[in-house]
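Worksheet: one structure, shown below.
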Amino acid sequence: KQEVTQIPAALSVPEGENLVLNCSFTDSAIYNLQWFRQDPGKGLTSLLLIQSSQREQTSGRLNASLDKSSGRSTLYIAASQPGDSATYLCAVRGGYSGAGSYQLTFGKGTKLSVIP
Amino acid sequence: KAGVTQTPRYLIKTRGQQVTLSCSPISGHRSVSWYQQTPGQGLQFLFEYFSETQRNKGNFPGRFSGRQFSNSRSEMNVSTLELGDSALYLCASSPGVAGAPDTQYFGPGTRLTVL
Numbered sequence: 001k002q003e004v005t006q007i008p009a010a011l012s013v014p015e016g017e018n019l020v021l022n023c024s025f026t027d028s029a030i031y032n033l034q035w036f037r038q039d040p041g042k043g044l045t046s047l048l049l050i051q052s053s054q055r056e057q058t059s060g061r062l063n064a065s066l067d068k069s070s071g072r073s074t075l076y077i078a079a080s081q082p083g084d085s086a087t088y089l090c091a092v093r094g095g096y097s098g099a100g101s102y103q104l105t106f107g108k109g110t111k112l113s114v115i116p
Numbered sequence: 117k118a119g120v121t122q123t124p125r126y127l128i129k130t131r132g133q134q135v136t137l138s139c140s141p142i143s144g145h146r147s148v149s150w151y152q153q154t155p156g157q158g159l160q161f162l163f164e165y166f167s168e169t170q171r172n173k174g175n176f177p178g179r180f181s182g183r184q185f186s187n188s189r190s191e192m193n194v195s196t197l198e199l200g201d202s203a204l205y206l207c208a209s210s211p212g213v214a215g216a217p218d219t220q221y222f223g224p225g226t227r228l229t230v231l
């Protein structure tokens with residue numbers, strides 16, 4: 001069974017700081033890895049999707065990397081802003097032959113607070 | 117394009133009752149997935165429907181069921197509600213076809229409270 005872990009559970013940083021969120025998964029037979037953000041009481045917004053054959057993806061101030069062999073991904077946020085405050089969730093899409101049978105397995109998230 | 121819509125947004129039920137939640141995907145999307153989100157367990161996959169067929173199923177009891185209609189709209193049903201079913205229920209849509217991006221678009225969720 002695929003398990004996804006996100007550390008730390010919560011993070012508080014001053015505005016302007018660069019930061020890294022971590023995600024690890026137990027079964028490397030994945031189809032893709034996705035990062036989402038969730039604002040309080042709201043649904044999820046997709047940030048980045050990395051296919052299993054890719055090493056990283058970038059969108060604006062966000063950069064996500066994937067090391068499938070070690071079961072790790074990082075989300076790098078440059079020059080953080082108060083509007084970045086949210087919970088960031090990592091999700092892994094299992095491969096057909098791996099644990100999870102192609103379903104999305106989520107970590108419990110990192111709650112980020114960016115202090116003005 | 118309009119986003120994913122879910123109705124109702126809030127629901128209060130009592131134990132033993134049943135409930136039906138609705139999800140309308142983005143136009144053109146054929147895959148709809150359902151998730152349960154609770155503070156303790158986080159986001160857990162319930163099931164996925166594609167072209168009116170259940171394509172994948174998570175580890176939930178048979179009280180949780182769903183269906184998808186020919187216009188890709190989906191409903192999920194929970195029978196014999198328990199207190200532990202109180203949660204935010206999220207649905208997500210995607211094109212769902214080979215070669216298309218797997219990006220999941222989530223609705224705002226239905227907040228179910230069981231008393």
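Line by line, the protein sequences are chains A and B. For the first sequence, this note's numbering assigns the number 1 to the initial residue and increments by one for each residue that follows. For the second sequence, this note's numbering assigns the number 117 to the initial residue and increments by one for each residue that follows. A virtual CB, placed ideally from N, CA and C, is assigned to each residue, including glycine.
Could you check if residue 231 (chain B) is buried or exposed, using at least 16 other CB atoms within 10 Å of its CB as the buried criterion?
Along the second sequence, read from residue 1 onward, the residue named residue 231 (chain B) stands at position 115. Residue 231 (chain B) is exposed by the Cβ-count criterion.
Run down chain B in chain order and give the residues with a C-beta less than 8 Å from the C-beta of residue 88 (chain A).
Mapped onto the first sequence, residue 88 (chain A) falls at position 88. In chain order: nothing, as chain B lies at least about 13 Å away.
With 9 Å as the limit, tell me which residues of the stretch 20 to 47 of chain A have their beta carbon closer than that to any beta carbon of chain B; keep them in chain order.
Against chain B - using a Cβ distance shorter than 9 Å - the residues of the stretch 20 to 47 of chain A are 31, 32, 34, 36, 38, 41, 42, 43, 44, 45 and 46.
Beta-carbon separation of residue 205 (chain B) and residue 152 (chain B) under 8 Å?
By one-based count along the second sequence, residue 205 (chain B) stands at place 89. By one-based count along the second sequence, residue 152 (chain B) stands at place 36. Yes.
Which runs of the beta strand (DSSP E) fall wholly inside the stretch 170 to 224 of chain B and span at least 3 residues, in chain order?
Fully enclosed beta strand (DSSP E) runs of 3 or longer: 180 to 184, 190 to 194 and 203 to 210.
When DSSP labels each residue in this structure, what does residue 67 (chain A) get in the three-state scheme?
In the first sequence, the residue the question calls residue 67 (chain A) occupies position 67. Strand at residue 67 (chain A).
Which residues in chain B sit within 8 Å of residue 68 (chain A), going by Cβ to Cβ distance?
In the first sequence, counting from the first residue as 1, residue 68 (chain A) sits at position 68. Result: empty, since nearest Cβ-Cβ is about 16 Å, beyond 8 Å.
To the nearest angstrom, how far is the alpha carbon of residue 115 (chain A) from that of residue 83 (chain A)?
Position 115 of the first sequence, counted from the first residue, corresponds to residue 115 (chain A). Position 83 of the first sequence, counted from the first residue, corresponds to residue 83 (chain A). Taking the straight line from one Cα to the other gives about 10 Å.
Check whether the stretch 6 to 18 of chain A touches the stretch 161 to 178 of chain B, taking contact to mean three or more Cβ pairs, one atom from each stretch, closer than 8 Å.
Segments in contact, no.
Could you tell me which whole beta strand (DSSP E) segments of length 3 or greater appear in the stretch 120 to 145 of chain B?
Here the runs fully enclosed are 121 to 123, 126 to 129 and 135 to 140.
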